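Going down the list, the protein sequences come from chains B and L. Be aware that the first sequence starts at 24, since it is given in the working numbering, and climbs by one per residue. Be aware that the second sequence starts at 382, since it is given in the working numbering, and climbs by one per residue. Beneath this line is the structure, given in structure tokens, with notes to follow.
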Amino acid sequence: MPKRIGVFVCHCGVNIAGTVDVKRVVEEISGYEGVVFATDYQYMCSDPGQSLIKKKIEEENLDGVIVAACSPSMHEETFRNVCKQYFNGYRCEMANIREHCSWVHEGIEATEKAIKIIKAAIEKLKENEDLEPIFVPVEKKCLVIGGGIAGIQAALDIADAGYNVILVEKEASIGGRMAQLSETFPTLDCSQCILTPKMVAVSRHPKIKLLAYSEVIEISGYVGNFNVKILKKPRYVDEDKCTVCGDCEKVCPVIVPNEFEMGRKPRRAIYIPFPQAVPSTYTLDIKNCLGLSPLICGKCKEACEAKAIDYDMREQIIEENVGAIIVATGYDLYDKSKLVEYGYGEDDDIITSLEFERMLSANGPTKGEIIKPSNGKEAKKIVFIQCAGSRDEQHMPYCSSICCMYTAKHALLYKHHVPQGEAYVFYIDIRAGGKGYEEFVSRVMKEERVNYIRGKVAKIYRDGDKIVVCGVDTLTGKKVEVRADLVVLALAILGKDEMAKKIRVAVDEGGFFKESHPKLKPVEALSRGIYFAGCCQSPKDIPSAVAQASGSAAKALGLISKDKLEKDPLIAFVDENCSGCGVCISVCPYGAMVKEGGKAKCIEALCEGCGTCAAACPSNNIEMKNYRDKQIEKMIEVII
Amino acid sequence: MNFEPKIVAFLCNWCSYAGADLAGVSRFKYPPNVVPIKVMCSGRVDAEFIIDAFRKGADGVLIGGCHPGDCHYVEGNYKARRRVEMMKRLLEEMGINPKRLRIEWISATEGKKFASVVEEFVEEIRRLGPVKK
Chain B
24 MPKRIGVFVC
34 HCGVNIAGTV
44 DVKRVVEEIS
54 GYEGVVFATD
64 YQYMCSDPGQ
74 SLIKKKIEEE
84 NLDGVIVAAC
94 SPSMHEETFR
104 NVCKQYFNGY
114 RCEMANIREH
124 CSWVHEGIEA
134 TEKAIKIIKA
144 AIEKLKENED
154 LEPIFVPVEK
164 KCLVIGGGIA
174 GIQAALDIAD
184 AGYNVILVEK
194 EASIGGRMAQ
204 LSETFPTLDC
214 SQCILTPKMV
224 AVSRHPKIKL
234 LAYSEVIEIS
244 GYVGNFNVKI
254 LKKPRYVDED
264 KCTVCGDCEK
274 VCPVIVPNEF
284 EMGRKPRRAI
294 YIPFPQAVPS
304 TYTLDIKNCL
314 GLSPLICGKC
324 KEACEAKAID
334 YDMREQIIEE
344 NVGAIIVATG
354 YDLYDKSKLV
364 EYGYGEDDDI
374 ITSLEFERML
384 SANGPTKGEI
394 IKPSNGKEAK
404 KIVFIQCAGS
414 RDEQHMPYCS
424 SICCMYTAKH
434 ALLYKHHVPQ
444 GEAYVFYIDI
454 RAGGKGYEEF
464 VSRVMKEERV
474 NYIRGKVAKI
484 YRDGDKIVVC
494 GVDTLTGKKV
504 EVRADLVVLA
514 LAILGKDEMA
524 KKIRVAVDEG
534 GFFKESHPKL
544 KPVEALSRGI
554 YFAGCCQSPK
564 DIPSAVAQAS
574 GSAAKALGLI
584 SKDKLEKDPL
594 IAFVDENCSG
604 CGVCISVCPY
614 GAMVKEGGKA
624 KCIEALCEGC
634 GTCAAACPSN
644 NIEMKNYRDK
654 QIEKMIEVII
Chain L
382 MNFEPKIVAF
392 LCNWCSYAGA
402 DLAGVSRFKY
412 PPNVVPIKVM
422 CSGRVDAEFI
432 IDAFRKGADG
442 VLIGGCHPGD
452 CHYVEGNYKA
462 RRRVEMMKRL
472 LEEMGINPKR
482 LRIEWISATE
492 GKKFASVVEE
502 FVEEIRRLGP
512 VKK
């Protein structure tokens, strides 16, 4: 327990010192009980700042250090590593006087509060005991959730490094949104042409176990040792036996909209979402099948020469232990029925950007013809509306990031498909901040003669066989009215947050996962061992999704390539006066409390250090290491 | 003299403490009356800490946890919520207005919410005045 404490107050340039009177803080703290030295410095985290701490530990013979600076999530590790050269890392604590004080308060009150925060940290430090990390083994395997381009990239990177990957995809095939796209900006390569080789590489990789048509239903455990339960839905078709001949499909009497085609093309109840699907197999969609039990139709099985169809398949629960998890669950589009001003998107001739992607695709519902869905005739005049639901306080306030670019691409491809057609784009601003992006947009504007109108669309309504789009051109101040055949909404992008509760990660208003730090830890979740890739973290284009996926893979590899993992020793311990009532055993979410010899005992490897047991113990016989009752009570005292 | 409430905030490490960090990063100003103590989980907040804070002169106690279902430790926040309900009844018995104890779910993405909760709570305690001894 530290007796000679040194306090180091950081200016953080003007971030702290601009608000908090650091000299007064030092003066006040210098005389505080247990403190033998206090000073301030411009940037404590810098090399000279760290050297200053080292020098003073030696000179003043310090046995404990307080760094009053930013949030511990930024630099606790930095300063503990400095201190570890002299003594146990738990003899170093941080006082957060930046995020919790100088950035949010002003004047003398900020200084007063900073002093309280530092005193509370000192009181905690005084009772800290030296702790050694607990080492736990690491499961050398990674789970990737989501088989879009981000998940595929992450899985391939990890597998190529020689580690086992389990790739779970909810849909019948991997490929995700990218597989639905026609061509990709700004180079206009065909999306499937560049994606399918990667999909095939996944299916052939000996280190990748692909579980498509499967869902992660439960995740327990902790970093290095997650236990995952995966539900494998029955396809009623043996993936290995299916030859994709298509005989089953020909005889299936049920016709439903194909989700892959955004519902714009029919499929049968037994189907393959698109020809290049991986795994390359048909799937019997039991929700739409006439029925297996009792068997009503049975035609597909009769038609299948390969004997791949098995009506007795059942759902399977697969359990896997993994060391790291990469979440790449992708995005959805904003619900167009919420857009009152655009007629709730109910009209047949008002379509979404993804529907337009399918329309542009050579193998899509219209075989690449740009038509009015209402009458099947070629669309001679088309309007693209950007920021449909994005950058709008009534809907989603954020920028969906990729719509400017794909709308430019849409307009260009439209002009290539319908050279005599007229294309209009309504936009708020053009955001083309990527490699080659600005050049691409200006090419579309100039060479392709697409009419860009700066302004939001106020109203859309049908008049005969036309859709009338009304808005104001804010550059000229004039009203604009376009009588269009087809309207394409660049809808806001939403994160898919269904995994959030299972991985216990916060999501923001758009359903995007919260990363550990917005700049410096953009792929890490707050929970250790969980990483993000792609649009589940924020809207992004393909190159960024791929880069983030490789970043996640590198992080996951850094973890699973270790033999042992350091675990925080801030766990519970039971006092010898325990009466053995068992309340702690009932409240512990990890099963870390057991009864031994009539008393409770904490299993170190299982305890996660939440402290619920300590708070629940009716006889006050459980304490949390370095978060002991008396430490917290002392902190309360100095705060008040 | 103006009454300046003294408020202790127990913030869970994973959501509310990070939410307070985000309030800072985003420069959302709020009154300085609340001083945080980080706990790993809102479930760690012992009933004794609450009593102790009021005994030592706190005018209010704020507990910040993860949203229901988001708890890093599965269900610590549910236990905290149950405990707070019990404590509110107990505080009333002790002659302390139960409104002085508040539990809020503030996620790591809700910097704005952290600032507004603090602002609102400080206002409420200001209206209630100091705890009568």
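Note that the Cβ used here is the ideal one computed from N, Cα and C, for glycine as well. Computed from a predicted model, the values in this text were never measured in an experiment.
If you compare alpha carbons, which of L:N383, L:A439 and L:S423 is closest to L:W486?
Locating residue 486 of chain L in the second sequence gives position 105, counting from the first residue. Among L:N383, L:A439 and L:S423, the Cα nearest to that of L:W486 belongs to L:S423.
Backbone secondary structure at L:A489 - three-state DSSP:
Taking the second sequence and counting its residues from 1, one reaches residue 489 of chain L at position 108. Reduced to three states, the DSSP call for L:A489 is coil.
Alpha carbons only, please: which of L:A401, L:G445, L:V389 and L:S397 is nearest the one belonging to L:I484?
Looking up residue 484 of chain L in the second sequence gives position 103. Ranked by Cα distance from L:I484, the first of L:A401, L:G445, L:V389 and L:S397 is L:G445.
If the criterion is Cβ atoms closer than 9 angstroms, does the pair B:G170 and B:L85 meet it?
The residue you call residue 170 of chain B lines up with position 147 of the first sequence. The residue you call residue 85 of chain B lines up with position 62 of the first sequence. Going by C-beta atoms, B:G170 is not nearer than 9 angstroms to B:L85.
How would you call L:R470, buried or exposed, if buried means at least 16 neighbouring beta carbons within 10 angstroms?
The residue you call residue 470 of chain L lines up with position 89 of the second sequence. With fewer than 16 other Cβ atoms within 10 Å, it is exposed.
At a cut of 8 angstroms, does the region 481 to 495 of chain B reach the region 378 to 389 of chain B through at least three beta carbon pairs?
Pairwise C-beta distances place the region 481 to 495 of chain B out of contact with the region 378 to 389 of chain B, as fewer than three of them are shorter than 8 angstroms.
Between which two residues does the alpha helix (DSSP H) carrying B:K149 extend?
Residue 149 of chain B sits at position 126 when you count from the first residue of the first sequence. Unbroken alpha helix (DSSP H) run through B:K149: G130 to K149.
Which stretch, first to last residue, makes up the beta strand (DSSP E) that contains B:R477?
On the first sequence, residue 477 of chain B is found 454 positions in, with the first residue counted as 1. For B:R477, the enclosing beta strand (DSSP E) has its first and last residue at N474 to R477.
With a cut-off of 8 angstroms, do at least 3 Cβ pairs link the region 154 to 164 of chain B to the region 345 to 357 of chain B?
Because the criterion of three Cβ pairs below 8 angstroms is met, the region 154 to 164 of chain B and the region 345 to 357 of chain B touch.
Taking the C-alpha atoms as reference points, what is the distance between L:V498 and L:V389?
Sequence index remark: in the second sequence, residue 498 of chain L carries index 117 (1-based). Sequence index remark: in the second sequence, residue 389 of chain L carries index 8 (1-based). Counting only the Cα atoms, L:V389 lies some 13 angstroms from L:V498.
With burial defined as no fewer than 16 other Cβ atoms inside 10 Å of the residue's Cβ, what is the status of B:S196: buried or exposed?
Walking along the first sequence from the start, residue 196 of chain B turns up at place 173. By the Cβ-count criterion, B:S196 is buried, with 16 or more other Cβ atoms from all chains shown falling within 10 Å of its own Cβ.
So is L:K387 in contact with chain B if we call contact Cβ pairs under 9 angstroms?
As a working note, residue 387 of chain L is residue 6 in the second sequence. Proximity of L:K387 to chain B, defined by a Cβ-Cβ separation below 9 angstroms, is satisfied.
Starting from B:V94, follow the alpha helix (DSSP H) in both directions and report where the run begins and ends.
Your numbering for residue 94 of chain B matches position 71 in the first sequence. The sequence shown places Ser at residue 94 of chain B, rather than the Val named in the question. Unbroken run through B:S94: none, as it is neither H nor E.
Secondary structure, beta strand (DSSP E): runs of 3+ residues fully inside the region 411 to 475 of chain L:
DSSP runs (the beta strand (DSSP E)) wholly in the region 411 to 475 of chain L: 415 to 420 and 441 to 446.
Return no unless some Cβ of chain L is closer than 9 angstroms to the Cβ of B:L582.
As a position in the first sequence, residue 582 of chain B is number 559, starting the count at 1. Not closer than 9 angstroms to any Cβ of chain L, the Cβ of B:L582 fails to qualify, so no.
Nearest residue (CA-CA) to B:D586, options B:K324, B:I295, B:V246 and B:H439
What you label residue 586 of chain B is simply residue 563 of the first sequence in a count that begins at 1. Nearest C-alpha to B:D586: B:V246.
Pairwise C-alpha distance: B:F555 and B:D180
Sequence index remark: in the first sequence, residue 180 of chain B carries index 157 (1-based). Sequence index remark: in the first sequence, residue 555 of chain B carries index 532 (1-based). In this structure, the alpha-carbon of B:D180 lies about 14 angstroms from that of B:F555.
Hey, would you say B:L254 sits closer than 9 angstroms to B:I189, going by beta carbons?
For the purposes of this step, residue 254 of chain B is taken as the residue at position 231 of the first sequence. For the purposes of this step, residue 189 of chain B is taken as the residue at position 166 of the first sequence. Taking C-beta atoms as the reference points, B:L254 and B:I189 fail to come closer than 9 angstroms.
Which residues, in chain order, does the region 617 to 640 of chain B contribute to contact with chain L at a C-beta distance below 8 angstroms?
Residues of the region 617 to 640 of chain B with a Cβ closer than 8 angstroms to any Cβ of chain L, in chain order: E631, G632, C633, G634, T635, A637, A638 and A639.
Given that B:E241 touches chain L, what residues does it touch there, using C-beta distances under 8 angstroms?
Taking the first sequence and counting its residues from 1, the one referred to as residue 241 of chain B is at position 218. The contacting residues do not exist; B:E241 stays about 11 angstroms from chain L at best.
Identity of the residues DSSP links to B:C115 by a beta bridge:
Taking the first sequence and counting its residues from 1, the one referred to as residue 115 of chain B is at position 92. Note: B:C115 sits in a beta bridge opposite B:V88.
To be precise: take each residue of the region 431 to 456 of chain L, compare its Cβ to all Cβ atoms of chain B, and keep it if any distance is under 8 angstroms. Which residues remain?
Of all residues in the region 431 to 456 of chain L, the ones placed with a Cβ closer than 8 angstroms to any Cβ belonging to chain B are D433, A434, K437, G438, A439, C447, H448, G450, D451, C452, H453, Y454, V455 and E456, in chain order.
Examine the Cβ distances between the region 132 to 140 of chain B and the region 618 to 638 of chain B and report whether three or more of them are shorter than 8 angstroms.
Touching, no, given that fewer than three Cβ pairs across the two stretches are closer than 8 angstroms.
Along chain L, in chain order, which residues have C-beta atoms closer than 7 angstroms to that of B:I655?
On the first sequence, residue 655 of chain B is found 632 positions in, with the first residue counted as 1. For a Cβ distance threshold of 7 angstroms, residue set I418 and F430 of chain L lies close to B:I655, ordered along the chain.
Any beta-carbon of chain L closer than 9 angstroms to the one on B:V528?
Along the first sequence, read from residue 1 onward, the residue named residue 528 of chain B stands at position 505. It does; some Cβ of chain L falls within 9 angstroms.
Distance between beta carbons of L:E505 and L:K480, contact taken as under 8 angstroms
In the second sequence, the residue the question calls residue 480 of chain L occupies position 99. In the second sequence, the residue the question calls residue 505 of chain L occupies position 124. Right, their Cβ atoms sit about 6 angstroms apart.
In angstroms with no decimal places, state the Cα-to-Cα distance between B:E462 and B:C427.
Your numbering for residue 462 of chain B matches position 439 in the first sequence. Your numbering for residue 427 of chain B matches position 404 in the first sequence. Approximately 13 angstroms, taken between the alpha carbons.
Assuming contact is defined by CB atoms lying nearer than 9 angstroms, are B:V467 and B:K432 in contact in what I supplied?
The residue given as residue 467 of chain B occupies position 444 in the first sequence. The residue given as residue 432 of chain B occupies position 409 in the first sequence. The answer is yes: Cβ separation under 9 angstroms.
CB contact below 9 angstroms: L:R408 versus chain B:
Looking up residue 408 of chain L in the second sequence gives position 27. At least one C-beta of chain B is nearer than 9 angstroms to the C-beta of L:R408.
Given a threshold of 16 other Cβ atoms within 10 Å of its Cβ, counted over all protein chains shown, does B:G10 qualify as buried or as exposed?
The displayed coordinates of chain B run from 24 to 663. Any statement about residue 10 of chain B would go beyond what the structure contains.
Can you list the residues of chain B that L:R507 reaches, using a CB-CB cut of under 9 angstroms?
On the second sequence, position 126 is the one that residue 507 of chain L refers to. The contacting residues do not exist; L:R507 stays about 15 angstroms from chain B at best.
Does the region 540 to 549 of chain B come close enough to the region 393 to 407 of chain B to have 3 or more Cβ pairs within less than 8 angstroms?
The region 540 to 549 of chain B, when compared against the region 393 to 407 of chain B, does not touch it at the 8 angstroms Cβ threshold.
Given that L:V426 touches chain B, what residues does it touch there, using C-beta distances under 8 angstroms?
By one-based count along the second sequence, residue 426 of chain L stands at place 45. The contacting residues are A638.
Going by C-alpha to C-alpha distance, which of L:K493, L:R507, L:V512 and L:K419 sits closest to L:S407?
Within the second sequence, residue 407 of chain L is the residue found at index 26, counting from 1. Comparing alpha-carbon positions, the option among L:K493, L:R507, L:V512 and L:K419 lying closest to L:S407 turns out to be L:K493.
What does the alpha-carbon distance come out to for the pair B:I374 and B:A178?
The count along the first sequence starts at 1 and reaches residue 374 of chain B at position 351. The count along the first sequence starts at 1 and reaches residue 178 of chain B at position 155. The straight-line gap from Cα to Cα measures roughly 34 angstroms.
For B:Y367, which residues does DSSP report across the bridge?
Along the first sequence, one-based indexing puts residue 367 of chain B at 344. Paired residues: none, contrary to the question.
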